[in-house]
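Enquirer: Shown below is the structure under consideration.
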Amino acid sequence: MADTLTITDNRTGKQYDVPIAEGTIRAMDLRQIKASPDDFGLMTYDPAFQNTASCRSSITFIDGDKGILEYRGYPIDQLAEHSTYLETAALILNGELPNTAELDAWSREITLHTMLHENIKKFMEGFQYDAHPMGIFLSTVGALSTIYPDAKDITNAETRRLQISRLIAKVPSIAAYAFRHSIGRPYVYPDNDLSFTGNFLNMLFKMTELKYRPHPVLERALDVLFILHADHEQNCSTSAMRSIGSSQADPYASLAGAAAALYGPLHGGANEAVLHMLKEIGSVANVPAFIARVKGGDGRLMGFGHRVYKSYDPRARIIKQTADLVFDVTGRNPLTDIALELERIALEDEYFVSRKLYPNVDFYSGLIYQAMGFPLDMFPVLFAIPRTAGWLAQWDEMLRDADQKIARPRQIYIGAARRDYVPRATRG
Ligand code: ACO
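Positions in the sequence shown are counted from 1; adding 13 to them yields the working numbering.
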């Protein structure tokens with residue numbers, strides 16, 4: 014029988030034919046497989062969802078073995094070369110590249126929403142002077158939920174659209190305010206004449222000049238980095254976004270949760286961790302000893318390895334080229350030589366080769382961010398800004414998907430069997 018899987022349950026000798034569609038079987042089809050009539054039915058055990066598709070999605074395609082990444086069918090290298098972040102965000106959200114009129118309208122829409130409510134500014138002022146900007150970022154995104162109660166109406170497509178525009182437009186402002194707060198500088202209001210990334214640089218770095226003029230190479234480099242980070246299918250933070258959104262929480266609450274997931278050093282915090290690692294290594298001469306330590310199980314080579322990519326991360330390749338352009342303007346980041354030597358040794362070493370560990374997107378992005386003048390703790394925030402487009406596109410797709418319900422995994426209970434309560438006085 015074509016396109017079915019025949020399963021023999023050796024406990025009962027019964028056979029089952031389960032349909033195969035799109036390279037998967039439905040986990041619920043296994044529930045009919047029972048050892049006895051009162052048996053709950055067969056489940057799969059898949060901690061960390063290593064082999065479970067949780068949705069059908071038409072946004073991002075990844076072939077981890079071949080190192081392919083496409084948004085809506087367009088290869089990432091073509092988008093990085095020809096597109097802008099805002100155009101790519103429109104593509105990710107709507108499924109098609111916008112024409113000129115659509116792109117102009119979308120850019121205008123985003124420009125109109127960049128301001129933050131003054132109460133949000135006051136809210137941000139309450140943080141400690143040395144608060145981590147990612148902590149400020151995710152809390153402030155969550156706090157926007159209280160400013161926009163209309164966002165609760167998640168079944169209304171028009172309302173969803175409005176929140177999407179608000180969030181995409183406001184995350185750079187929140188990020189810039191978090192940065193200025195952490196270094197004790199006054200906040201800079203958005204400049205509507207500038208591009209998305211040009212304005213972001215303005216809100217970050219403007220001092221006393223009347224008009225901030227971003228360096229075109231740095232403005233473009235940041236835009237390319239934003240394109241590369243815009244979506245990455247069902248990663249940890251996107252799964253969090255979908256999972257929280259599946260309870261019908263508003264998008265600000267859901268996005269705060271997604272940003273919290275991104276904060277961790279195994280995910281969006283990895284670019285910050287890479288720089289700490291490079292500083293700790295200190296010099297090219299210390300690289301072999303560091304690699305030996307990692308191979309001995311003492312720590313990980315941060316910025317290496319990926320759950321999905323088992324070859325060179327295509328984003329890392331583009332970032333490496335972008336780094337050269339940025340260093341021409343800013344001067345070479347002195348940690349670059351250590352990174353290049355780490356990559357050279359790791360790509361030849363049996364430990365890394367056999368485990369298919371290659372540089373990921375975070376290995377070089379931190380070097381660029383640092384050369385551009387960002388402190389290390391801003392790195393995860395710089396990841397969260399563009400990923401907002403992906404999170405929202407995935408959230409919107411999830412809400413329109415008739416297959417989806419509130420996310421609720423199963424468990425295998427391995428705790429104590431039923432037992433009677435023991436009065437406190439008689440406990441040992
Ligand atoms: N350095 C050294 N060894 C590693 C590394 C690494 N960076 N990554 C994986 N390994 C080893 C593991 O120890 C394991 O070895 P073993 O089979 O001998 O036990 C093997 O490779 C497989 O590793 P897993 O942890 O099973 O792989 P998983 O898919 O769960 O992890 C992850 C993927 C979290 C990205 C991992 O490679 C890692 O921790 N990398 C460093 C952190 C990092 O750069 N994160 C950014 C990811 S990209 C992003 O989020 C944008």
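Every residue, glycine too, gets a C-beta built ideally from N, C-alpha and C.
#1: Helix, strand or coil for E222? Go by DSSP, reduced to three states.
#2: Please indicate yes or no: does the CB of L360 lie closer than 7 Å to some heavy atom of the ligand FAD?
#3: Does the stretch 358 to 370 come into contact with the stretch 248 to 255, if we say contact requires no fewer than three beta-carbon pairs (one atom in each stretch) closer than 8 Å?
#4: Between the alpha carbons of I33 and G108, how many angstroms are there, rounded?
#5: Go through its chain and collect everything with a Cβ distance to L82's Cβ below 6 Å, but skip five positions before and after it.
#6: Do the stretch 166 to 186 and the stretch 113 to 131 touch if we need at least three Cβ pairs shorter than 8 Å?
#7: Is V237 near the ligand ACO - that is, is its Cβ less than 7 Å away from at least one heavy atom of it?
#8: Please determine, among G295, A298 and V394, the residue with the shortest C-alpha to C-alpha distance to P278.
#9: Closest by CA to M56, which one among W119, I38 and S71?
#10: Give the secondary structure of C35 by DSSP, where H, G and I count as helix, E and B as strand, and everything else as coil.
#11: Report yes if the CB atom of L99 is closer than 8 Å to the CB atom of F209, and no otherwise.
#12: Taking just the CA atoms, how far does Q417 sit from M411?
#13: I need the boundaries of the beta strand (DSSP E) containing Y161, first residue and last residue.
#14: Taking L355 as the reference, which of P301, V237 and L338 has the closest Cα?
#15: Taking the straight line between their C-alpha atoms, what separation do you get for A397 and A48?
#16: For H280, verify whether its CB is less than 7 Å away from any heavy atom of the ligand ACO.
#17: What residue from R44, A271, F376 and D166 has the CA that sits closest to G318's CA?
#18: Grab me the residues of T101's own chain with a C-beta within less than 7 Å of its C-beta, minus the 5 sequence neighbours each way, in chain order.
#19: Check F387 in the structure and name its three-state DSSP category.
#20: Taking 7 Å as the cut-off, is the CB of F317 close to at least one heavy atom of the ligand ACO?
#21: Could you check where the beta strand (DSSP E) with L207 kicks off and where it finishes?
#22: Is the beta carbon of A283 within less than 7 Å of some heavy atom of the ligand ACO?
#23: I'd like to confirm the pairing. Which residues does DSSP put opposite I75 in its beta bridges?
#24: Does DSSP put F317 in a helix, in a strand, or in coil?
#25: Under the criterion of a Cβ to heavy atom distance below 7 Å, does R306 qualify as lining the ligand ACO?
#26: Quick one: give me the first and last residue of the beta strand (DSSP E) that L18 is part of.
#27: With respect to the alpha helix (DSSP H) encompassing G403, which residues constitute its N-terminal and C-terminal limits?
#28: Leaving out five residues before and five after I149 in sequence, what residues of the same chain have Cβ atoms less than 7 Å from its Cβ?
#29: Below 8 Å on the Cβ atoms is my guess for Y265 versus V154; work out the distance and round it to an integer in Å.
#30: When you compare the CB positions of Q407 and I72, do they come within less than 8 Å of one another, or not?
#31: With distances taken between CB atoms, is the gap from L348 to L314 smaller than 8 Å?
#32: Taking the C-alpha atoms as reference points, what is the distance between N205 and R413?
#33: Confirm the yes/no value for this check: CB of D375, any heavy atom of the ligand ACO, distance under 7 Å.
#34: Is L370 near the ligand ACO, with its Cβ less than 7 Å from a heavy atom?
#35: Measuring only the C-alpha atoms, how far is D117 from L104?
#36: Can you give me the Cβ contacts of T401 inside the same chain, cut-off strictly under 8 Å, excluding the 5 residues immediately before and after it?
Expert: According to the data block:
#1: When secondary structure is reduced to three states using DSSP, E222 falls in the coil class, being assigned neither helix nor strand.
#2: Ligands present in the displayed structure are limited to the ligand ACO, and the ligand FAD is not among them.
#3: no
#4: Straight-line spacing of the CA atoms in I33 and G108 works out to 27 Å.
#5: Taken in chain order, the residues that qualify are I75, I89 and P327.
#6: yes
#7: no
#8: V394
#9: I38
#10: The identity of residue 35 in the sequence shown is Glu, whereas the question assumes Cys. Coil.
#11: yes
#12: 7 Å
#13: It is not in any beta strand (DSSP E) - Y161 carries neither H nor E in the DSSP assignment.
#14: P301
#15: 47 Å
#16: Yes, the ligand ACO has a heavy atom inside 7 Å of this Cβ.
#17: F376
#18: Y84, L92, I240 and A243
#19: Coil.
#20: yes
#21: Here L207 belongs to no beta strand (DSSP E), and DSSP marks it neither H nor E.
#22: yes
#23: L82
#24: strand
#25: no
#26: Secondary structure note for L18: its beta strand (DSSP E) is the uninterrupted segment T17 to D22.
#27: F392 to L412
#28: M137, F140, A191 and H194
#29: Contact holds; Cβ gap of about 6 Å.
#30: yes
#31: Cβ distance not < 8 Å, so L348 and L314 don't count as in contact.
#32: Rounded to whole angstroms, N205 to R413 spans 33 Å at the Cα level.
#33: yes
#34: yes
#35: 14 Å
#36: L180, I181, V184 and L268
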